[in-house]
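So for the sequence shown, the numbering used here puts the first residue at 82; every next one is plus one.
Below is one structure; the comments refer to it alone.
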Amino acid sequence: MKILDELYNGNVCEIHRKIPQNKSKIEFELYEQLKNKLDKDQLSLFLNYCDIVGERCDLAMQDKYIQGFKTGLLIGIECKDINLE
(Lines of atoms letter the chains of each structure in order from A; the text may use other names.)
(Lines give C-alpha, C1' and ligand atoms only; values in the text may rest on other atoms or scores of the structure.)
Protein backbone atom coordinates (compact mmCIF):
# COMPACT_ATOMS: atom_id res chain seq x y z
CA MET A 82 0.00 0.00 0.00
CA LYS A 83 1.67 3.16 -1.16
CA ILE A 84 -0.03 5.50 1.35
CA LEU A 85 1.26 3.43 4.27
CA ASP A 86 4.77 3.61 2.84
CA GLU A 87 4.43 7.36 2.47
CA LEU A 88 3.14 7.72 6.03
CA TYR A 89 5.93 5.53 7.40
CA ASN A 90 8.58 7.53 5.55
CA GLY A 91 7.18 10.80 6.86
CA ASN A 92 6.13 12.08 3.44
CA VAL A 93 2.54 12.76 4.50
CA CYS A 94 2.33 15.61 6.97
CA GLU A 95 -0.69 17.88 7.25
CA ILE A 96 1.10 20.31 9.55
CA HIS A 97 3.21 21.65 6.69
CA ARG A 98 0.43 21.68 4.07
CA LYS A 99 -0.31 25.19 2.88
CA ILE A 100 -3.82 26.45 3.43
CA PRO A 101 -5.44 29.37 1.60
CA GLN A 102 -4.40 32.66 3.18
CA ASN A 103 -6.96 34.96 1.55
CA LYS A 104 -8.13 36.36 4.91
CA SER A 105 -4.82 36.35 6.81
CA LYS A 106 -3.67 39.77 5.61
CA ILE A 107 -6.98 41.41 6.54
CA GLU A 108 -7.01 39.61 9.88
CA PHE A 109 -3.48 40.77 10.69
CA GLU A 110 -4.26 44.39 9.72
CA LEU A 111 -7.37 44.42 11.92
CA TYR A 112 -5.43 42.83 14.76
CA GLU A 113 -2.76 45.53 14.54
CA GLN A 114 -5.35 48.33 14.38
CA LEU A 115 -7.16 47.01 17.44
CA LYS A 116 -3.95 46.35 19.35
CA ASN A 117 -2.76 49.92 18.76
CA LYS A 118 -5.99 51.38 20.21
CA LEU A 119 -5.79 49.56 23.53
CA ASP A 120 -4.14 50.74 26.72
CA LYS A 121 -1.75 48.45 28.61
CA ASP A 122 -4.41 46.64 30.69
CA GLN A 123 -6.79 46.26 27.76
CA LEU A 124 -3.96 44.98 25.58
CA SER A 125 -3.02 42.36 28.17
CA LEU A 126 -6.64 41.21 28.39
CA PHE A 127 -6.95 41.14 24.59
CA LEU A 128 -3.74 39.13 24.15
CA ASN A 129 -4.84 36.62 26.80
CA TYR A 130 -8.17 36.31 24.99
CA CYS A 131 -6.38 35.71 21.66
CA ASP A 132 -4.25 32.99 23.27
CA ILE A 133 -7.30 31.19 24.69
CA VAL A 134 -9.19 31.40 21.39
CA GLY A 135 -6.13 30.10 19.53
CA GLU A 136 -5.75 27.17 21.90
CA ARG A 137 -9.45 26.31 21.60
CA CYS A 138 -9.32 26.47 17.80
CA ASP A 139 -6.19 24.31 17.77
CA LEU A 140 -7.89 21.67 19.93
CA ALA A 141 -10.99 21.76 17.72
CA MET A 142 -8.90 21.35 14.56
CA GLN A 143 -6.96 18.49 16.14
CA ASP A 144 -10.23 16.77 17.07
CA LYS A 145 -11.62 17.17 13.55
CA TYR A 146 -8.39 15.82 12.04
CA ILE A 147 -8.51 12.76 14.31
CA GLN A 148 -12.19 12.18 13.56
CA GLY A 149 -11.52 12.46 9.83
CA PHE A 150 -8.71 9.94 10.08
CA LYS A 151 -10.92 7.53 12.03
CA THR A 152 -13.73 7.92 9.50
CA GLY A 153 -11.33 7.22 6.62
CA LEU A 154 -9.98 4.19 8.42
CA LEU A 155 -13.49 2.83 8.99
CA ILE A 156 -14.28 3.33 5.30
CA GLY A 157 -11.11 1.39 4.41
CA ILE A 158 -11.99 -1.43 6.79
CA GLU A 159 -15.49 -1.64 5.34
CA CYS A 160 -14.17 -1.65 1.76
CA LYS A 161 -11.77 -4.55 2.32
CA ASP A 162 -14.71 -6.95 2.13
CA ILE A 163 -16.28 -5.44 -0.98
CA ASN A 164 -17.25 -7.89 -3.72
CA LEU A 165 -16.86 -6.23 -7.13
CA GLU A 166 -18.12 -9.22 -9.15
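Ideal Cβ positions, reconstructed from N, Cα and C, are used throughout, including at glycine.
Check, Outcome
"Boundaries (first-last residue) of the alpha helix (DSSP H) holding lysine 116", "105-118"
"Glutamine 148: first and last residue of the uninterrupted alpha helix (DSSP H) it sits in", "121-160"
"As assigned by DSSP and simplified to three states, the class of isoleucine 84", "helix"
"Cut-off 6 Å between Cβ atoms - residues of its own chain near leucine 126, not counting five sequence neighbours on either side", "none"
"Proximity test, alanine 141 beta-carbon vs the ligand ZN heavy atom, cut-off 8 Å", "With respect to the ligand ZN, the structure offers nothing, as it holds no ligand at all."
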